[in-house]
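Residue 457 in my numbering sits at position 82 of the sequence shown, with consecutive numbering throughout. No residue lacks a Cβ here, since even glycine has one placed at the ideal position from N, Cα and C. Data block below; observations after.
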Amino acid sequence: MSYSAGMRDVDIRAALVEQLRREFDGDKIVNEMGLCLGATRVDVAVINGSLHGYEIKSDRDTLARLPAQIELYSKVLDFCTIVCGARYLDKVRKIVPPWWGIVETCDLDGTVILKQRRKPRRNRKCDSLAVAQLLWRDEAASLLKTRGEWVKARETRWHLWDRLAEWPITDLQLGVRSQLKVRPAW
């Protein structure tokens with residue numbers, strides 16, 4: 376078995392998405408999901424009873440953006456897993472928060488193998504406003520209406536997000552996930 380020195384992001388992503396489709400059959404899997412009003416994108420997200428992001432760092436990548444990604448992902452994601460090659464495994468263990476999962480990529484005769492090195496744990500510090508901002512205006516309005524709240528026709532998305540951010544975080548996360556799961560287009 377050789378390690379992922381030659382594997383590209385696209386190869387790792389294909390193997391990851393294939394594994395996630397098997398593991399989370401029927402759940403929403405989104406590539407390049409924008410977070411924090413587009414300030415960052417998580418490589419792959421699974422939306423079901425939680426919002427789990429997967430960040431891919433092939434051995435051809437750098438870790439330069441990782442600290443900023445960690446900060447932004449931590450505002451929104453319930454779980455996060457970094458998927459990296461052997462080149463970065465030790466560095467990643469030191470950089471990512473303890474609640475992040477770690478998956479190592481290996482190359483077995485041209486096939487990408489994913490090995491879990493650390494299980495993810497639930498993020499207990501999501502930011503309510505950042506979670507609300509995952510929604511488009513019509514989704515935010517719809518979510519408010521499900522709780523019997525009045526929504527003005529010209530109410531801005533910012534005002535709707537502010538109102539949603541006042542909800543208990545677990546209620547907000549549940550509502551946001553329900554809206555994201557039925558979003559027709561990304």
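According to DSSP, residues forming a beta bridge with residue i
i	result
Phe454	His427
Gln491	Val478
Spatial distance of residue i from residue j (CA atoms)
i	j	result
Asn423	Asp482	30 Å
Asp513	Thr521	12 Å
Ile488	Ala420	19 Å
Gly428	Asp537	24 Å
Asp384	Ala390	10 Å
Glu446	Cys455	12 Å
Thr531	Leu438	37 Å
Thr545	Gly485	42 Å
Glu541	His534	11 Å
Supposed contact pair residue j and residue i - C-beta distance, whole angstroms, cut 8 Å
i	j	result
Ile387	Val458	6 Å
Lys556	Lys403	5 Å
Asp434	Met382	7 Å
Check whether residue i and residue j have beta carbons under 8 Å apart
i	j	result
Arg558	Leu426	no
Gln508	Cys411	yes
Val405	Trp561	yes
Leu504	Gln554	no
Arg497	Trp474	yes
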